[in-house]
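A short write-up of the structure that comes next.
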Amino acid sequence: MQMPASRIIFHIDMDSFFSSVEVRERPSLKGLPVVVGSDPKKGEGRGVVSTCSYEARKYGIHSAMPISKAYMLCPDAVFLRVNMPLYKQVSENIMLLLQRYTSVFQQVSVDEAYLDVTDIVINYTEAQELALRIKKEMYDEEGLNCSIGVAPNKVVAKIASDYQKPDGLTIVKPENVQEFLFPMEVSAIPGVGRRTREILGKMDIRTIGDMARTDVQLLVSRLGKSALKLRQMALGNYHSKVAGKTEVKSISKEDTFEEDVGDIEILRETMDRLAQQVHSRLVRHGYVFRTVNLKIRFEDFTTYTRAFSLRATSNDLSVICKVGTRMLNEFSCKKKVRLIGIGVSSLMKIDSQQTTLEDFIRGDQNENGNLIKPSK
Ligand code: TTP
Ligand code: MG
1 MQMPASRIIF HIDMDSFFSS VEVRERPSLK GLPVVVGSDP KKGEGRGVVS
51 TCSYEARKYG IHSAMPISKA YMLCPDAVFL RVNMPLYKQV SENIMLLLQR
101 YTSVFQQVSV DEAYLDVTDI VINYTEAQEL ALRIKKEMYD EEGLNCSIGV
151 APNKVVAKIA SDYQKPDGLT IVKPENVQEF LFPMEVSAIP GVGRRTREIL
201 GKMDIRTIGD MARTDVQLLV SRLGKSALKL RQMALGNYHS KVAGKTEVKS
251 ISKEDTFEED VGDIEILRET MDRLAQQVHS RLVRHGYVFR TVNLKIRFED
301 FTTYTRAFSL RATSNDLSVI CKVGTRMLNE FSCKKKVRLI GIGVSSLMKI
351 DSQQTTLEDF IRGDQNENGN LIKPSK
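Residue 1 is where the sequence shown starts when you use the UniProt record's numbering, and the numbers rise one by one after that.
What follows is the structure in structure tokens.
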């Protein structure tokens, strides 16, 4: 959808996301080449690299590279398996943080989002201050760095966020858009893949500037209708709306024990501690919940999730703990527990409807189809 070109858009992209989360969880890895992906099996592994730290990138390692090649390039790197539940949880927190600034928000992947800040800053100076504040809060609260691009539209903002990674901030004012874009290779434009680049290469079009200067009919004759959009992007004139799913689905927190735990009291205490963290996030972001979720992984890696929905919304920590405990008690803990997690979902922005401890007893449904009634 086309819009007038007077907006201020942020594109935020986390730096080496999976590996930065791993380093955050294990600070002893800071400064080391860290590769997240499948098992390298001493160079015999058949999978690929998901991502790697910037230290590992110095060895030429990058996303989607065969893990065997990464091992060959740097056998001493720290090779870690992908821990998707952890990254998803961190991703949710990041997206919550970003939505504190504006509701005109669009998440585009696990680690990137657009914000339209037109209504909350008056110029690019204020936009810069806001971007620095977001970067600082991201670091202070999540322990992670991100790069931000600020520009009059999404395409330029995305290219700008990538321009000075890691920990970058690149601001492209409307009057500088073409000067910024034109020297770049055409492949910097989102949607220009290998095939399009080859076709353009045959036409002697290598930079965005080359494309912007080429007759549009000629481009259409070689690339088809998509050339119209690509050329608009090359000129810095493609304005699409920041829109998408804005609601946060859940807030959760989980812990893997150093040693598997059989003691129900330790499980309860851990769950309560996690519930407190979930609750403080919930309150900070101004949500109430209707569903409490419990996750348990036993020593043999069998994993169960349970959910219980209240009759009405709540923001009460004791409700989370109480419902969590009831669901926990449903498990006969013959096996030891490796991981426990607690969360809340069916979130809504805060309103006057609050559930008391008594109300939750009348829970009616759960999310997984397994009806779990609280024990009497
Ligand atoms: P990216 O944002 O593309 O990469 P990144 O965050 O690791 O590094 P940077 O942005 O600083 O260049 O992707 C986000 C995450 O998505 C990444 O951490 C891991 C995952 N991913 C894959 O699993 N496979 C891939 O091929 C890519 C590109 C990313
Ligand atoms: Mg990233």
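The beta-carbon is built from N, C-alpha and C at its ideal position, and this holds for glycine as well.
### Task
Take V172 and list the residues in its own chain whose beta-carbon comes closer than 6 Å to its own, dropping the five residues that flank it on each side.
The residue you call residue 172 lines up with position 172 of the sequence shown. Taking V172 as the centre and dropping the five residues before and after it, the same chain places the C-beta of A151, V156, A160, F180 closer than 6 Å to its C-beta, in chain order.
### Task
Could you check the C-alpha separation between Q99 and R46 for me, to the nearest Å?
Taking the first residue of the sequence shown as position 1, residue 99 is located at position 99. Taking the first residue of the sequence shown as position 1, residue 46 is located at position 46. Between the alpha carbons of Q99 and R46 lies a gap of roughly 39 Å.
### Message
Could you tell me the alpha carbon to alpha carbon distance between T170 and S309, rounded to whole angstroms?
### Response
Within the sequence shown, the letter at position 170 stands for residue 170. Within the sequence shown, the letter at position 309 stands for residue 309. Put simply, the backbone Cα of T170 is about 44 Å away from that of S309.
#### Entry: Within the stretch 222-253, ranges of the alpha helix (DSSP H) (whole runs, at least 4 residues)
Within the stretch 222-253, the complete alpha helix (DSSP H) segments at least 4 residues long are 226-234, listed from N- to C-terminus.
### Message
Is the beta carbon of K165 closer than 8 Å to that of D300?
### Response
Along the sequence shown, one-based indexing puts residue 300 at 300. Along the sequence shown, one-based indexing puts residue 165 at 165. No. Outside cutoff.
### Query
Taking 7 Å as the cut-off, is the CB of E55 close to at least one heavy atom of the ligand TTP?
Taking the first residue of the sequence shown as 1, we reach residue 55 at position 55. Checking the Cβ of E55 against the ligand TTP gives no.
### Message
Am I right that A64 and V78 are in contact with their C-beta atoms under 8 Å? What's the rounded C-beta distance?
### Response
As a working mapping, residue 64 is identified with position 64 in the sequence shown. As a working mapping, residue 78 is identified with position 78 in the sequence shown. With a Cβ gap of about 19 Å, A64 and V78 do not count as contacting.
### Query
Is R7 near D39, with beta carbons less than 8 Å apart?
Position 7 of the sequence shown holds residue 7. Position 39 of the sequence shown holds residue 39. No.
### Message
Which of the three DSSP states is assigned to residue 377 in this structure?
### Response
Outside the modelled stretch of the chain, which goes from 1 to 376, sits residue 377, for which no answer is possible.
### Message
Any residue with its C-beta under 5 Å from a non-hydrogen atom of the ligand MG counts. Can you list them all in chain order?
### Response
This criterion selects D13, M14, F17, D111.
### Query
For the candidate residues K30, I342, V192, whose alpha-carbon lies nearest to that of Q89?
To locate residue 89, count along the sequence shown from 1; it is residue 89. Q89 has its Cα closest to that of I342, out of K30, I342, V192.
### Task
Measure the C-alpha to C-alpha separation of L317 and N293 and round it to an integer number of angstroms.
Position 317 of the sequence shown, counted from the start, is the residue given in the question as residue 317. Position 293 of the sequence shown, counted from the start, is the residue given in the question as residue 293. Each residue's alpha carbon lies about 13 Å from the other.
### Query
For Y101, does the three-state DSSP call read helix, strand or coil?
Taking the first residue of the sequence shown as position 1, residue 101 is located at position 101. Note: Y101 maps to coil in three-state DSSP.
### K295 - partner residues in DSSP beta bridges
The residue you call residue 295 lines up with position 295 of the sequence shown. Answer is T305, G341, bridged to K295.
### Query
Is the beta carbon of T51 sitting closer than 8 Å to the one on F18?
Reading the sequence shown from its first residue, position 51 is the one you call residue 51. Reading the sequence shown from its first residue, position 18 is the one you call residue 18. Yes; because the gap between Cβ atoms is below 8 Å, this pair is in contact.
### Task
Within its chain, find whatever has a CB closer than 6 Å to the CB of Y59; leave out the 5 residues flanking it on each side and keep chain order.
If you number the sequence shown from 1, residue 59 lands on position 59. Once the five neighbours on either side are set aside, the close Cβ partners of Y59 are L73, C74.
### Task
Compute the Euclidean distance between the alpha carbons of K42 and V34, then round it to the nearest angstrom.
Here residue 42 refers to the residue found at position 42 when the sequence shown is read from its first residue. Here residue 34 refers to the residue found at position 34 when the sequence shown is read from its first residue. If you take the alpha carbons of K42 and V34, they lie about 15 Å apart.
### Query
Applying the criterion that 16 or more other CB atoms from any shown protein chain within 10 Å of the CB defines a buried residue, is S280 buried or exposed?
Counted from its first residue, the sequence shown places residue 280 at position 280. Counting the other Cβ atoms within 10 Å of the Cβ of S280 gives fewer than 16, which makes it exposed.
#### Entry: 8 Å CB neighbourhood of V177 in its chain, flanking five on each side removed
By 1-based counting over the sequence shown, the position of residue 177 is 177. Within the same chain, Cβ atoms closer than 8 Å to the Cβ of V177 are found at A151, P152, V156, G236, the five residues on either side in sequence being excluded.
### Query
Between S103 and the ligand TTP, is the CB less than 7 Å from at least one heavy atom?
The count along the sequence shown starts at 1 and reaches residue 103 at position 103. No, Cβ of S103 sits at least 7 Å from all heavy atoms of the ligand TTP.
### Query
Does DSSP put A151 in a helix, in a strand, or in coil?
Here residue 151 corresponds to residue number 151 of the sequence shown, with the count starting at 1. A151 falls in the strand class under three-state DSSP.
### Message
Within 10 Å of its beta-carbon, does Q107 have 16 or more other beta-carbons around it, so buried, or fewer, so exposed?
### Response
Along the sequence shown, read from residue 1 onward, the residue named residue 107 stands at position 107. Q107 is buried by the Cβ-count criterion.
### Cα-Cα separation between L96 and H285, rounded to whole angstroms
In the sequence shown, counting from the first residue as 1, residue 96 sits at position 96. In the sequence shown, counting from the first residue as 1, residue 285 sits at position 285. Rounded to whole angstroms, L96 to H285 spans 7 Å at the Cα level.
### Task
Please name the residue in L29, L32, S91 whose C-alpha comes closest to that of S250.
Position 250 of the sequence shown holds residue 250. Comparing Cα positions, the closest option is S91.
### Message
Does the beta-carbon of P85, which I'm using as the reference point, lie nearer than 7 Å to any heavy atom of the ligand TTP?
### Response
Numbered from its first residue, the sequence shown carries residue 85 at position 85. No.
### Query
How many angstroms separate the CA atom of I94 from the CA atom of N123?
For the purposes of this step, residue 94 is taken as the residue at position 94 of the sequence shown. For the purposes of this step, residue 123 is taken as the residue at position 123 of the sequence shown. Approximately 25 Å between the Cα atoms of the pair.
### Task
Note the first and the last residue of the continuous alpha helix (DSSP H) segment covering I189.
Residue mapping note: residue 189 aligns to position 189 of the sequence shown, counting from 1. No alpha helix (DSSP H) contains I189, which DSSP labels as neither H nor E.
### Task
Can you tell me which of the three DSSP states H11 falls into?
By one-based count along the sequence shown, residue 11 stands at place 11. In the displayed model, H11 falls within a strand according to three-state DSSP.
### Message
Quick check: S147 and D13, are their CB atoms within less than 8 Å of each other?
### Response
Counting from 1 along the sequence shown, the entry for residue 147 is found at position 147. Counting from 1 along the sequence shown, the entry for residue 13 is found at position 13. Contact flag set, yes.
### Query
CA-CA distance, A113 and F105?
If you number the sequence shown from 1, residue 113 lands on position 113. If you number the sequence shown from 1, residue 105 lands on position 105. The C-alpha of A113 lies about 7 Å from the C-alpha of F105.
### Within 8 Å, strictly: CB atoms of Y287 and K349
Position 287 of the sequence shown, counted from the first residue, corresponds to residue 287. Position 349 of the sequence shown, counted from the first residue, corresponds to residue 349. Closer than 8 Å, so yes.
### Message
When you compare the CB positions of D255 and T270, do they come within less than 8 Å of one another, or not?
### Response
Position 255 of the sequence shown, counting from 1, holds the residue named residue 255. Position 270 of the sequence shown, counting from 1, holds the residue named residue 270. Contact: yes.
### Query
Would K334 be called buried (16 or more neighbouring beta carbons within 10 Å of its own) or exposed?
Taking the first residue of the sequence shown as 1, we reach residue 334 at position 334. Exposed.
### Through-space distance from N315 to R306, alpha-carbon basis
One-based indexing of the sequence shown puts residue 306 at position 306. One-based indexing of the sequence shown puts residue 315 at position 315. If I take the Cα positions, the gap works out to 19 Å.
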